[in-house]
Each structure stands twice: as structure tokens, then as C-alpha cells.
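Asks: Letter by letter, the sequence shown follows residues 1 to 236 of UniProt numbering.
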Amino acid sequence: MEKVLVIVESPAKARTIKKYLGKGYDVKASVGHIRDLPKRELGIDVENGFAPKYVSLRAKSKVLKELRDRAAASTSILLATDMDREGEAIAWHLEELLKKTDRPIKRIIFNEITKNAIVEAVEHPRDIDIDKVNAQQARRILDRLVGYMVSPVLWKIFYRGLSAGRVQTVGLRLICEREKEIRAFVPVEYWTIEGRLCCGGDREFDAKLLKIDGVKPEIGSEGEALRIVEEIKASE
Numbered sequence: 001m002e003k004v005l006v007i008v009e010s011p012a013k014a015r016t017i018k019k020y021l022g023k024g025y026d027v028k029a030s031v032g033h034i035r036d037l038p039k040r041e042l043g044i045d046v047e048n049g050f051a052p053k054y055v056s057l058r059a060k061s062k063v064l065k066e067l068r069d070r071a072a073a074s075t076s077i078l079l080a081t082d083m084d085r086e087g088e089a090i091a092w093h094l095e096e097l098l099k100k101t102d103r104p105i106k107r108i109i110f111n112e113i114t115k116n117a118i119v120e121a122v123e124h125p126r127d128i129d130i131d132k133v134n135a136q137q138a139r140r141i142l143d144r145l146v147g148y149m150v151s152p153v154l155w156k157i158f159y160r161g162l163s164a165g166r167v168q169t170v171g172l173r174l175i176c177e178r179e180k181e182i183r184a185f186v187p188v189e190y191w192t193i194e195g196r197l198c199c200g201g202d203r204e205f206d207a208k209l210l211k212i213d214g215v216k217p218e219i220g221s222e223g224e225a226l227r228i229v230e231e232i233k234a235s236e
């Protein structure tokens, strides 16, 4: 009898999807990531194209064993992890760990947990989107490189416990540069001259002084502004 193993991330989703698919489907959850870079070392071969060295998460050993056993007992496997790049990466890791079972493995996606959406996804499986996986791996590798290689430098300069990050460190620099600009700013006093002028009879219009003898004026004090106003009045 055909038995399809469907792997999702969330146990709650697994129960709902199992109800929709019914017999012939075994729905289990990975409970998030099952592999990652090792904690006690860089885990990246910098000299060999920055290749990551993934290890199975110890906390997920029971989950992984159950998934392997279920995969071996199935006729095919559908990876139904989340639609984002993290979900695509989890699906790829699952494929890497379960392909030894020699079962056909496909990827399915859906954007809502409804019977119609689930059935539609099962009827249209696809391959892993390796571009999306590579995007996630690039982000993860950069996180590790910055965190593991820059943080110790901060400890030597300042104190232990400070952390550097792919996003937070760049963001902090932008904030610092902006703060320097603010502190270096020297306010300059300037004045503008506007007035309501008459144009014969009862007609009036608003005007603004833009140029004096073809040159834009730089009015740096109230006294200078008043002097120019008096000159304008005298020119009438």
C-alpha cells in the first residue's frame, strides 16, 4: 500500500494537514531546523569557497530518527516546510538527510492551511528551489563570519560579551556617522524677506525677495534684513 510521508515544520500544522489528507499520508513535523553550523567552531571552510560544514542538531536527534524511520517505511516523501527561504533551506537539509532512504523526494508549498490549498499543493509537487536555498545559506554564512570573527576583536578593544552582527554592526555604523554629522553641524543664521505689495488700486499680491541686482542675497542678521527692507521701501 502506498504511504506518502509529508514533513512540515510545525506539529500543529501536521495535525491539521493529516486531517485533510487522510489515509495514505503520514504527516510529521521537523520542528524547525534540523541542521546548522557547529557552535564550537567557525564551521566554514574559508579556503575552499566558504563551504559550510553542517551538523545535525543534537536537540533534534529523536525527531531526526523518527523522520528517518518514517521515510524508510514510506513510498515517497513530500517536503511541506514554510514558503520563505528558511523553509526552503529546511526542506533542502531534510532532503540531504533523507535521500539515503532512496525514496522519491519532492517539495510542495501552500500559503494557507485549508483543504483546497493542501490538496492543490500535493497535486503539484516541484523540486527544491536551490536559488532560495543559496540565499539562505549566504545569509547564514555571513552571520557566522561576522559574529565569530569580529566579536572577539570587540572583546579585545572593549570587553567580553559584546557582539557583532551582519545587520546590527552596519546599522550601528550608520547611526554613529549620522551622530558625528549632527555634532559637527554649525547652525548658520539666515533671514528671508517677504511682503504684501500693492499693484494699483486694491490689487495686492505676496512677494518674496529672491535677488538683489541679479544676485541671491545672503542675509545673516536681523539688522541687515531691516536695512534691506528700508531700501526697498525707499525705492518706491
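Every residue gets a Cβ at the ideal spot worked out from N, C-alpha and C, and that includes glycine.
Are the CB atoms of R103 and S74 nearer to each other than 8 angstroms?
Replies: To locate residue 103, count along the sequence shown from 1; it is residue 103. To locate residue 74, count along the sequence shown from 1; it is residue 74. Going by C-beta atoms, R103 is nearer than 8 angstroms to S74.
Asks: In this structure, does DSSP put E2 in helix, strand or coil?
Replies: On the sequence shown, position 2 is the one that residue 2 refers to. It is coil, neither helix nor strand.
Asks: Helix, strand or coil, according to DSSP, for residue 256 in the structure here?
Replies: For the chain, the structure presents residues 1 to 236; residue 256 sits outside this window and is missing.
Asks: Below 8 angstroms on the Cβ atoms is my guess for I128 versus R107; work out the distance and round it to an integer in Å.
Replies: Counting from 1 along the sequence shown, the entry for residue 128 is found at position 128. Counting from 1 along the sequence shown, the entry for residue 107 is found at position 107. At roughly 5 angstroms, the Cβ-Cβ gap stays under 8 angstroms, so I128 and R107 are in contact.
Asks: Express the C-alpha separation of S151 and I141 in angstroms, rounding to a whole number.
Replies: For the purposes of this step, residue 141 is identified with residue 141 of the sequence shown, where counting begins at 1. For the purposes of this step, residue 151 is identified with residue 151 of the sequence shown, where counting begins at 1. Roughly 15 angstroms separates the two Cα atoms.
Asks: When you compare each of V31, E41, A14, E2 to K23 by their alpha carbons, which one comes out closest?
Replies: As a first step, residue 23 must be located in the sequence shown, where it is residue number 23. It is E2 whose Cα lies nearest to the Cα of K23.
Asks: Report buried or exposed for K211, applying the criterion of at least 16 other Cβ atoms within 10 angstroms of its Cβ.
Replies: As a position in the sequence shown, residue 211 is number 211, starting the count at 1. Flag for K211 reads exposed.
Asks: Just how far apart, CA to CA, sit I175 and F185?
Replies: As a working mapping, residue 175 is identified with position 175 in the sequence shown. As a working mapping, residue 185 is identified with position 185 in the sequence shown. Approximately 15 angstroms, taken between the alpha carbons.
Asks: Can you tell me which of the three DSSP states L78 falls into?
Replies: By 1-based counting over the sequence shown, the position of residue 78 is 78. Residue state, collapsed to three classes: strand.
Asks: Could you check what DSSP says for L197 in three-state terms: helix, strand or coil?
Replies: Sequence index remark: in the sequence shown, residue 197 carries index 197 (1-based). Looking at L197 - three-state DSSP - the assignment turns out to be strand.
Asks: According to DSSP, which residues form a beta bridge with K106?
Replies: Looking up residue 106 in the sequence shown gives position 106. According to DSSP, which records beta bridges pairwise, K106 is partnered with L78.
Asks: Take every Cβ of the region 182-196, pair it with every Cβ of the region 73-91, and state whether three or more of those distances are shorter than 8 angstroms.
Replies: Touching, no.
Asks: Return the residue from the list F110, A59, P187, D69 that minimises the CA-CA distance to L5.
Replies: Position 5 of the sequence shown, counted from the first residue, corresponds to residue 5. Cα-wise, what sits closest to L5 is D69.
Asks: Is I130 helix, strand or coil when you go by DSSP?
Replies: As a first step, residue 130 is located in the sequence shown; it is residue number 130 there, counting from the start. Looking at I130 - three-state DSSP - the assignment turns out to be helix.
Asks: List the endpoints of the continuous alpha helix (DSSP H) containing V170.
Replies: Taking the sequence shown and counting its residues from 1, one reaches residue 170 at position 170. Its alpha helix (DSSP H) spans residues 168-184.
Asks: Consult DSSP for I119 and reduce its assignment to one of helix, strand or coil.
Replies: On the sequence shown, residue 119 is found 119 positions in, with the first residue counted as 1. Residue 119 is actually Val in this sequence, not Ile. The answer is helix: DSSP assigns V119 an H, G or I state.
Asks: Taking 8 angstroms as the CB-CB limit, is E112 close to chain B?
Replies: The chain inventory of the structure shown lacks chain B, comprising one protein chain alone.
Asks: Using CA coordinates, which residue listed in D82, K99, R126, W92 is at the minimum distance from I113?
Replies: Indexing the sequence shown from 1 puts residue 113 at position 113. Looking at the Cα atoms, D82 is the closest of the given residues.
Asks: Distance check for L64 and K28, CA to CA, integer angstroms please.
Replies: Here residue 28 refers to the residue found at position 28 when the sequence shown is read from its first residue. Here residue 64 refers to the residue found at position 64 when the sequence shown is read from its first residue. Each residue's alpha carbon lies about 11 angstroms from the other.
Asks: Measuring alpha carbon to alpha carbon, tell me which residue in P125, G43, A71 is nearest K99.
Replies: Position 99 of the sequence shown, counted from the start, is the residue given in the question as residue 99. The option with the nearest alpha carbon to K99 is A71.
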